[in-house]
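Working notes for the structure below.
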Amino acid sequence: GQQVMQIPQYQHVQEGEDFTTYCNSSTTLSNIQWYKQRPGGHPVFLIQLVKSGEVKKQKRLTFQFGEAKKNSSLHITATQTTDVGTYFCAGGMDSNYQLIWGAGTKLIIKP
Amino acid sequence: EAEVAQSPRYKITEKSQAVAFWCDPISGHATLYWYRQILGQGPELLVQFQDESVVDDSQLPKDRFSAERLKGVDSTLKIQPAELGDSAMYLCASSLNGAGAPETQYFGPGTRLLVL
């Protein structure tokens with residue numbers, strides 16, 4: 001079936017270091033959405049990418065959508081403690097307008 | 112700011128008992144989703160409603176799970192009988208329309224279920 005693979009599962013960084021998570025789909029996506037889930041919380045929408053090769057920025061967060069619309073990445077520059085949580089990508093499918101969720105990447109700030 | 116409401120926030124039950132979760136989506140949102148999220152994993156779609164109609168329930172274990180949205184507004188998800196493997200977070204989400212390209216989904220706080 002349709003899958004969205006997300007890596008890594010965990011990433012430990014020192015505060016101030018960068019963080020990147022990657023998503024890869026087995027099929028072409030209509031769009032990709034990114035969500036953040038704080039510990040004990042629920043997923044909160046961050047951004048949606050629709051166009052091939054699209055790049056969007058939100059302050060220290062940079063989101064990219066691949067040229068083939070099969071992969072995406074989220075890069076956080078100079079992480080802060082407020083960035084802690086799990087970041088999920090969710091790919092939209094033209095065939096059924098549903099979202100296929102990645103397993104998430106948990107960002108952990110080393111003390 | 113409008114939010115998705117869910118209750119209860121926490122539920123502890125014994126296996127073989129019945130449990131029910133309630134969700135009230137953001138006013139005006141036609142599409143409602145029930146997800147199950149096991150710790151350390153991404154949300155798994157159980158059922159999707161467009162107004163009062165089920166759009167997709169292919170991943171809903173229909174022998175024990177049921178969901179309804181009778182008036183196309185709030186929704187109830189029921190498990191009967193509960194099994195140990197049902198312990199998870201049950202998330203409700205809503206989106207404005209759902210007919211067309213996948214939309215932003217707004218999540219409620221979830222119901223954390225523990226089956227003993």
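Order-wise, the sequence lines are chains A and B.
The first sequence lines up with residues 1 to 111 when you count with the working numbering.
The second sequence lines up with residues 112 to 227 when you count with the working numbering.
No residue lacks a Cβ here, since even glycine has one placed at the ideal position from N, Cα and C.
Values in this document were obtained by computation on a predicted structure and should not be read as measured data.
Tell me the DSSP bridge mates of residue i?
i: Met-93 (chain A); result: Bridge partners of Met-93 (chain A): none, in fact.
i: Ser-186 (chain B); result: B:Cys-134
i: Gly-85 (chain A); result: A:Leu-107
i: Arg-147 (chain B); result: B:Glu-155, B:Tyr-201
i: Tyr-116 (chain B); result: The sequence given here places Ala at residue 116 (chain B); Tyr does not occur at that position. Paired residue(s): B:Asp-135.
i: Gln-58 (chain A); result: A:Leu-61
i: His-75 (chain A); result: A:Thr-20, A:Thr-62
i: Leu-49 (chain A); result: A:Ile-32
i: Thr-191 (chain B); result: Checking the sequence, you will find Gln at residue 191 (chain B) rather than Thr. According to DSSP, which records beta bridges pairwise, Gln-191 (chain B) is partnered with nothing at all.
i: Lys-173 (chain B); result: Lys-173 (chain B) is not bridged to any residue.
i: Leu-227 (chain B); result: DSSP lists no partner for Leu-227 (chain B).
Let's see if you can read the secondary structure: which residues bound the beta strand (DSSP E) around residue i?
i: Glu-179 (chain B); result: 176–179
i: Arg-38 (chain A); result: That residue, Arg-38 (chain A), is in no beta strand (DSSP E); it is neither H nor E in DSSP.
i: Ser-164 (chain B); result: 164–167
i: Leu-207 (chain B); result: Careful: Leu-207 (chain B) lies outside any beta strand (DSSP E) and carries neither H nor E.
i: Lys-122 (chain B); result: 121–124
i: His-12 (chain A); result: 10–14
i: Gln-6 (chain A); result: 4–7
By the 10 Å Cβ neighbour count, where 16 or more other Cβ atoms means buried, how is residue i classified, buried or exposed?
i: Asn-208 (chain B); result: exposed
i: Ser-206 (chain B); result: buried
i: Gly-102 (chain A); result: buried
i: Gly-104 (chain A); result: buried
i: Arg-120 (chain B); result: exposed
Inter-stretch contact (C-beta, 8 Å, three-pair minimum) for the segment 83–100 of chain A and the segment 13–29 of chain A:
yes
Inter-stretch contact (C-beta, 8 Å, three-pair minimum) for the segment 212–219 of chain B and the segment 186–196 of chain B:
no
Could you tell me whether the segment 114–124 of chain B touches the segment 150–167 of chain B, where touching means 3 or more Cβ pairs closer than 8 Å?
no
Any contact of the segment 53–64 of chain A with the segment 73–89 of chain A, i.e. 3+ C-beta pairs under 8 Å?
yes
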